[in-house]
Every structure is written in structure tokens, then in C-alpha cells.
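A quick write-up on the structure given underneath.
Number of protein chains: 2
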Amino acid sequence: MNQQDLVRELAEKSATKIVMVVADGLGGLPLDPGGRTELETANTPHLDSLVRRGTCGSSIPVLPGITPGSGPGHLGLFGYDPLEFKIGRGALEATGIGFELGPHDVAARGNFCTLDSAGLISDRRAGRIPSEESFAVVEKLQGVRIEGVEVFVKPVKEHRFVVVFRGPGLDGAVADTDPQATGVAPLDPQAVTPAAARTATVAQEFVRQAREILKTEPKANGMVLRGFAGKPRLPTYEELYRLRAAAIAVYPMYKGLARLVGMTLVGHAQTLDQQIDELAKCWNDYDFFFLHFKYTDSTGEDGAFEQKVKRIEELDRAIPRIESLQPDVLIVTGDHSTPSLLKSHSWHPVPTLLSAPTCRPDGLEKFSERECLRGGLGMFPAKHLMLLAMAHALRFGKYGA
Amino acid sequence: MNQQDLVRELAEKSATKIVMVVADGLGGLPLDPGGRTELETANTPHLDSLVRRGTCGSSIPVLPGITPGSGPGHLGLFGYDPLEFKIGRGALEATGIGFELGPHDVAARGNFCTLDSAGLISDRRAGRIPSEESFAVVEKLQGVRIEGVEVFVKPVKEHRFVVVFRGPGLDGAVADTDPQATGVAPLDPQAVTPAAARTATVAQEFVRQAREILKTEPKANGMVLRGFAGKPRLPTYEELYRLRAAAIAVYPMYKGLARLVGMTLVGHAQTLDQQIDELAKCWNDYDFFFLHFKYTDSTGEDGAFEQKVKRIEELDRAIPRIESLQPDVLIVTGDHSTPSLLKSHSWHPVPTLLSAPTCRPDGLEKFSERECLRGGLGMFPAKHLMLLAMAHALRFGKYGA
Chain A
1 MNQQDLVREL AEKSATKIVM VVADGLGGLP LDPGGRTELE TANTPHLDSL VRRGTCGSSI
61 PVLPGITPGS GPGHLGLFGY DPLEFKIGRG ALEATGIGFE LGPHDVAARG NFCTLDSAGL
121 ISDRRAGRIP SEESFAVVEK LQGVRIEGVE VFVKPVKEHR FVVVFRGPGL DGAVADTDPQ
181 ATGVAPLDPQ AVTPAAARTA TVAQEFVRQA REILKTEPKA NGMVLRGFAG KPRLPTYEEL
241 YRLRAAAIAV YPMYKGLARL VGMTLVGHAQ TLDQQIDELA KCWNDYDFFF LHFKYTDSTG
301 EDGAFEQKVK RIEELDRAIP RIESLQPDVL IVTGDHSTPS LLKSHSWHPV PTLLSAPTCR
361 PDGLEKFSER ECLRGGLGMF PAKHLMLLAM AHALRFGKYG A
Chain B
1001 MNQQDLVREL AEKSATKIVM VVADGLGGLP LDPGGRTELE TANTPHLDSL VRRGTCGSSI
1061 PVLPGITPGS GPGHLGLFGY DPLEFKIGRG ALEATGIGFE LGPHDVAARG NFCTLDSAGL
1121 ISDRRAGRIP SEESFAVVEK LQGVRIEGVE VFVKPVKEHR FVVVFRGPGL DGAVADTDPQ
1181 ATGVAPLDPQ AVTPAAARTA TVAQEFVRQA REILKTEPKA NGMVLRGFAG KPRLPTYEEL
1241 YRLRAAAIAV YPMYKGLARL VGMTLVGHAQ TLDQQIDELA KCWNDYDFFF LHFKYTDSTG
1301 EDGAFEQKVK RIEELDRAIP RIESLQPDVL IVTGDHSTPS LLKSHSWHPV PTLLSAPTCR
1361 PDGLEKFSER ECLRGGLGMF PAKHLMLLAM AHALRFGKYG A
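Those protein sequences? They're chains A and B, same order as listed.
Position 99 of the first sequence, counted from 1, bears residue number 99 in this note's numbering, the numbering being contiguous throughout.
For this note's numbering, add 1000 to where a residue sits in the second sequence, where the first one is 1.
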């Protein structure tokens, strides 16, 4: 029996409430060998107090040594094996700009490129045209009309955009049209499986009309399409856990990921304080609350050790307000580590705390990577965290008699 | 997605270098309850220094409680699930004597036995004839000729030998001919699947000619064949990890195992110092170096606790020379435990250290079974070690966006 089937079998309704705070990229590294990580440097009295009443551990997002992107990182925390459930590149890009994919959609990532007079690619990124220029070009592409299909073209950044085809019988199994080289023409969209034949035809027609529309553009007179993908089929929080789930996030990517598992997006908060205002406001309407805090990741990506420390302390100061709502289970974790030292996501385990009246004391005093190694949750795959959340919320029946 | 596919997708080329020192049978047990293991008794200042800069853990070769042979033990360390990738007995025996199996080979283990005048087995081990006698008998068997097939017969030890059939269309699915009893005749080689029909016929012909050749032998006038197996199909280090891998081992078994995953055998070292000479010599030609140290296992097998301690100290003294080459990732582990107390391989987790600039400090001070329990790698399946090696060598891309 896989985890999803097990969860479906055991999940029960209850009045308990679970809050999962995801501090993106929470885990870190010391700048000097043997030194302290960002979390170990931060002054976190409220998180430490939760640790003393809770149980801690180290979460492995995918597998030891594997560095996840935001998609697999969050799928794991939401209880979906990130090696089993995958979000195609096009679908993730659409999700990342807040485009809500429907069940009949196929999304692809687009790159504008420059074609020479013979139709061959002379610049694979159209001179990296600035976003404003690119957005104007994207606007022109709204003129594409394809019979029986709705077409959405949305800007991303610089030469990048997303195209979404919506209509019955579409399928993501279409090959990239990017030849990954200059001096050659973009490839024609080709179906990889028979089921995608119609999608390939639609994409071909899109490219044909787009070429006509773009032919007078100085730089962005061509395009390549990559990562065709439909909306991933993920069972929802309601189906799996029987939880009414709310997502309180600032950035489109995380809102999108939450939507993919059936969470409801709540509010339009721009700051952590506003996020907690929203949490309080919708407290009675949901059972599960995903609260996403971005800045532990972005400061890590910037290599800004001290700023990441400050962001962790900002999160710590918000904890009492969350606690005042008296959640039955309060989890603080991350979707992966983003050590300032590496200026990127990393594979290192993520310090994780779970606080609930049913926690068995593990003797820890402080929320830190080092302490979490000795915690009661041990080293565990991220996909197991929701099982623990459900258990401590007393929302699981017994398995077997 | 399985581990192999994941690795193939994420592996990137890099200039970084990984050294994996396998101290065979490294893990141990105290002689007296509550006492110290061999590793805990040894004076290991250099390993301890690596521990302080690195991250440690306990490697589980197959599953908790499962004692591996050398084959599964090493496959795990090399990143192949030993329950999924299996090396047939015949193939392992051939590998162990340094016979390099080709893709069209089928190998079997042979035992000489004594047959009575009625052709029934009177001694299943031919009186355990000494190796020298046995080798002479093996020599006579070189006279066997079978149309369309090359036949290799190689001595192993005492009554044991290996036979390898080489030719197109051979298959390992042939049943053992050992009736596991005296007073009965050896079985005729029989195909277990239709694909092995020709192999069974070849084996029957081999047995027929061998009986004729051996009929005047006083003891070894018969034989049984067991463990028919082809070369296991293992993706190579180059295919999987994009690593140019070198193996520096003294004993044929470990050379053979390394060859099976596509490592290049380097040098003809007979001592640890010579092995490190070879390591230094080929440093620029490879990315990954498997260095096998046998004597922590053989002393354990002998029940020689003090000797095992001394061998661990010998390994410790070699560490600075390895470090002077400045590997990006230096791993010290074992393929299994061999406690002197048990005089055999065991199932106990194997103390493992990984040292790299990207290690998160775990606060350990000494390389020992007890300390490793509290290490940052936790308790992990051996097959995940290569994932960590690749990650710390910065040779993996990100999984998902």
C-alpha cells in the first residue's frame, strides 16, 4: 500500500488545527568550518521555547544528496513523494507566474530568439531583451487564434514567456522545439506519443501565426518552446487528508504549488505580519494552514548570511502571534536548505520542529541544525511530515485491528 | 523514478575529485559487554581530525539485520541497491579470482567430488584435496573442447574451481547439478527457462568430457556445478555518474567488483603505502578513486581483535598522505562490519565519515561506532552514500525547478 492509499484509509475528520510554517531554504551552513549556521547564529527565543515543548528532526527533501527545486521541495512537505509526483517544466513555469492551470491545459515555456534572414537562430535569447520590451511582444501574441483551443500567452521575465493551450484532447507529450544551438532553425513541434498529435498540430499553428506576427521585430522575431506539460494529477488535501487547507503565501510560485494540491489561497498579504492577520481571520474556516515565508531562501541565495539571520529572527518574533491562535499542531520547517555559503539551494537536511501536546520530549533546548540531529523525529523523508502532522492532530485512525 | 534514473538525470561533469576508502569489515563489537569496539580502541588522530571537519553517520549495507557478502556490500557503497542488482554466484566466484567476465559468458562454481563405481557420490568434496592436487586436475580439464563455445576452467581453492562458457546465445538459467547428498549421482545440467537450453547442452557436454578425463583420478573423479550466472548488467560509473573511476585494490575479488561497475584497475600495489603511491600517480587521470583496504576484515574474520585495532591504526597513519592530494570529498567507510567477537561478517551498521568543505558540522570529535550514531548523516542505506559523495563534489544539478 502506498502512502496516499494509507492516508486515504486512515484520515478522519476532527476539529483540530494544523499550522505548517515553511521558512523557504531554512537550513544553512557555517561560513567557516566548525562555525555556526544562520539558524544557530540567530536569536530565536520563541522557536526555542517551541522546541522544548515539541519534537524535532532533520527532514530530507528528496533523498540524501539531492537538491530540490521549489516544486519537489514543497510536494515532499505536502506528503507527495517528489520522485513519484512530478510537475512538468511548463506547468511549473505557469504555476510560478500565478497562472491557474485547468485539467485540459497544456503549458510550455517559451523563449524569444532572433532569427536571421534564412530563418536560422542567431541569438537563442533574443539579446536578452528587457522585460518591458518582451512584455510588449507578448501582448502582440494575444492575436493568435486557433480553432477549438483557447490560447494564453503570459510574460515571465526578459526573453521568457509561458504559453498555455486550453481545450479538450490536449496532451503534454510534445518535444521541445529548441535545437539548443545557433545557426539552425527552431524545430517543429512534434508529438512524442500518438495522444499528443493534436497538441503538436496546435503548437505548430501557434508557431506559424507567431512567426507572422513577429516578423518585423528587431530581436524577438522567433521563438522556441520547451517543457510541454499538462497540469499534474495530484490528489487534493481534501481527498487525501480530509483537511480544508488554506495557503497564505506572498509569491505566485508557492500559491501555485498550494493550488495544485487543492489548497485555497487566502488573502493578499505582502508581509509576514499581514500573513498572520490573514491566518487569524480565516482561522475558523480551515483545518490546515500553509504559511510560506520566502526571505530565508532569498537571503541565502544572495549569500547574505547576516540578512538570513535577521529574517530567521523576524520569523521567530511572529511565532507568539501564531501560538496565540492555539493550533493543535504547529510545524516549522523548510522545503530545502539554502546556505548563504553556497548561494543556492542545497541537499542538506532541513531542521524541523513539530509542537503538539502529544509530543514525546526529546530533551532539545534550541532550534538548530545541530540540535535537530538529536531530535525525536530523527532523520526523516519530508514526505513523512504530513503523516506526523495528522497523527499529532489526532486525525488518523488505527491501521489494522 | 529510481535512484539510477535520478543520478543519470542530475550528474554533471566537474573537475572535483572524490576518494572513497573502503576499510573492509570496518565496524566491530566490544569483546566484553559495554566495552570498546576495535575502532573505539584504536588511536586514530587523523581520522578523528577528519571527523571534526566532516559529517559522520552509520551505513546500513542492505537492510537492518542483513549481513552482506562482499558483492552486495560493495554494490551498496557504489550506489546500486543490493536487493535489486544481484551478482550470481558463478559470476561472483569468477570475479573473485580475477576472471573478467564478458557479456557472452556464463560462469558456474565447480566442486570436485568422489564417485563410486556405480557413479554415485561418495564424498561431496573429493576428500578436500589440497589446492596443488586440485590445480593439476583443473589443468587436465583444459582439454575439453566444445563446438562454438570457448571453455575456461580456473582453480579456486582445494576442491573448488570455476568454469566459464563463452559464446553467443548462452544464458545463466541452468539448475545446479549438486544433489546435496551422497549415495546419489550428480544431476544432469537442466535448463530452467527455454533461453538456457543451449547452455544446458553445453554444460552436459562439458560434464561428459570431464568424466572421461577424470575417470582415473583417485579422489576427484567427478564434479558438481552450481550457481550458473552471466555477467550482471550494471550501468557503469561513467554512464551513471559521469565519473572516470579508478580502483586501487590488492585482492582479485575487489578488483573484479570494481570492474563490474566500469572502474579502471590501477597499478599492482601490494601494500597500503603502494596503493597511495598509485593514487598519487593517477590523480590527474580520474575523478573517483576506490581504495580498498582488506585487513580490517581479515583480522576480524580471524577473531584477532588487537590485530584489527593495529590495522585500523595503519589506515589512520595513511590518511595524511591521501589528504595531501586535496580531494574535494574524502570518504572512509566499510562494506560491512566484521566484529572480531563474531569472527565473521555481520549486519551491524558501518561507521562512515565524509569530509568536504560543504559539510555541516555535527559536533563529533572521534571516529567510532558510538559517535557516528550522533552524526549528521544519521543512519542511512549504503546505496545513498554515492548520492552524498556526488552532492558534496558539487556534481549534481538541481532536481526539478
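Idealized CB from N, CA, C, for every residue including glycine.
In the structure shown, the three-state DSSP call for residue 344 of chain A is coil. C-alpha of residue 155 of chain A to C-alpha of residue 161 of chain A: approximately 4 Å in a straight line. Non-local beta-carbon contacts of residue 1256 of chain B in its own chain, meaning distances under 7 Å to residues more than five positions away in sequence, involve 1095, 1096, 1098 in chain order. With three or more CB-CB distances shorter than 8 Å, the segment 221-239 of chain A counts as touching the segment 176-192 of chain A. The continuous stretches of alpha helix (DSSP H) do not include residue 378 of chain A, which lies in the beta strand (DSSP E) extending over residues 378-381.
The C-beta of residue 62 of chain A comes closer than 9 Å to at least one C-beta of chain B.
Scanning the segment 26-78 of chain A for uninterrupted beta strand (DSSP E) segments of 3 residues or longer gives 55-60, listed from N- to C-terminal end. Per the C-alpha coordinates, the member of A/318, A/222, A/258 positioned closest to residue 116 of chain A is A/222. Residues of chain A with a Cβ closer than 7 Å to the Cβ of residue 1076 of chain B do not exist; the shortest Cβ-Cβ separation is about 13 Å.
Here residue 292 of chain A carries a strand assignment [DSSP, helix/strand/coil]. Contact with chain B is absent for residue 352 of chain A, since none of that chain's Cβ atoms lies less than 9 Å from the residue's Cβ. Burial is judged here by how many other beta carbons sit within 10 angstroms of a residue's own beta carbon; residue 1195 of chain B has fewer than 16 and is exposed. For residue 1396 of chain B, the nearest CB of chain A lies under 9 Å from its own CB, placing it at the interface with that chain. Per DSSP, the continuous alpha helix (DSSP H) segment holding residue 372 of chain A begins and ends at 369-372.
When 9 Å is used as the limit between beta carbons, residue 1242 of chain B is near no residue of chain A, the shortest such separation being about 15 Å.
Under the rule that a run must span 3 or more residues, the beta strand (DSSP E) segments found entirely inside the segment 1076-1139 of chain B read 1105-1115, 1121-1123.
Legend: CB atoms of the segment 43-70 of chain A lying less than 8 Å from CB atoms of chain B belong to residues 58, 62, 63, 64, 65, 66, 67, 68, 69, 70.
Shown here for residue 148 of chain A: same chain residues with a beta carbon closer than 7 Å to its own, the five before and five after excluded, namely 167 in chain order. Residue 1152 of chain B: member of the beta strand (DSSP E) spanning 1150-1157, first to last residue. When the alpha-carbon of residue 51 of chain A is set against those of A/354, A/385, A/390, the nearest one is in A/354.
The count of Cβ pairs closer than 8 Å, one atom from the segment 175-186 of chain A and one from the segment 111-131 of chain A, reaches three, so the stretches are in contact. Counting C-beta pairs with one atom in each stretch, the segment 1232-1243 of chain B and the segment 1270-1281 of chain B have fewer than three that are closer than 8 Å, which means they do not touch. The count of Cβ pairs closer than 8 Å, one atom from the segment 128-147 of chain A and one from the segment 70-81 of chain A, stays below three, leaving the stretches out of contact.
Membership of residue 206 of chain A in the alpha helix (DSSP H) is indicated by the continuous run 197-214. Contact of residue 387 of chain A with chain B is not assigned, every C-beta pair being separated by 9 Å or more. In terms of Cβ geometry, residue 21 of chain A and residue 330 of chain A form a close pair [threshold 9 Å]. Residue range 1305-1323 is occupied by the alpha helix (DSSP H) that includes residue 1309 of chain B. Residue 13 of chain A and residue 39 of chain A have their alpha carbons spaced roughly 36 Å apart. The continuous beta strand (DSSP E) containing residue 20 of chain A extends over residues 18-23. Taking a C-beta cut-off of 9 Å against chain A, the contacting residues of the segment 1340-1374 of chain B are 1357, 1358, 1359, 1360, 1361, 1362, 1363, 1374, listed in chain order. Using beta-carbon distances, residue 1003 of chain B counts as an interface residue toward chain A, with a partner under 9 Å.
Where residue 1192 of chain B is concerned, there is no enclosing alpha helix (DSSP H), because DSSP gives it neither an H nor an E. Neighbours of residue 1380 of chain B across chain A, judged by C-beta separation under 7 Å: 64. If you draw a 10 Å sphere on the C-beta of residue 1275 of chain B, you find 16 or more other C-beta atoms in it, and that means buried.
In this structure, the CA atom of residue 210 of chain A is about 22 Å from the CA atom of residue 101 of chain A. Annotation for residue 65 of chain A: 347 place their beta carbon closer than 8 Å to its own, counting only its chain and skipping 5 residues before and after.
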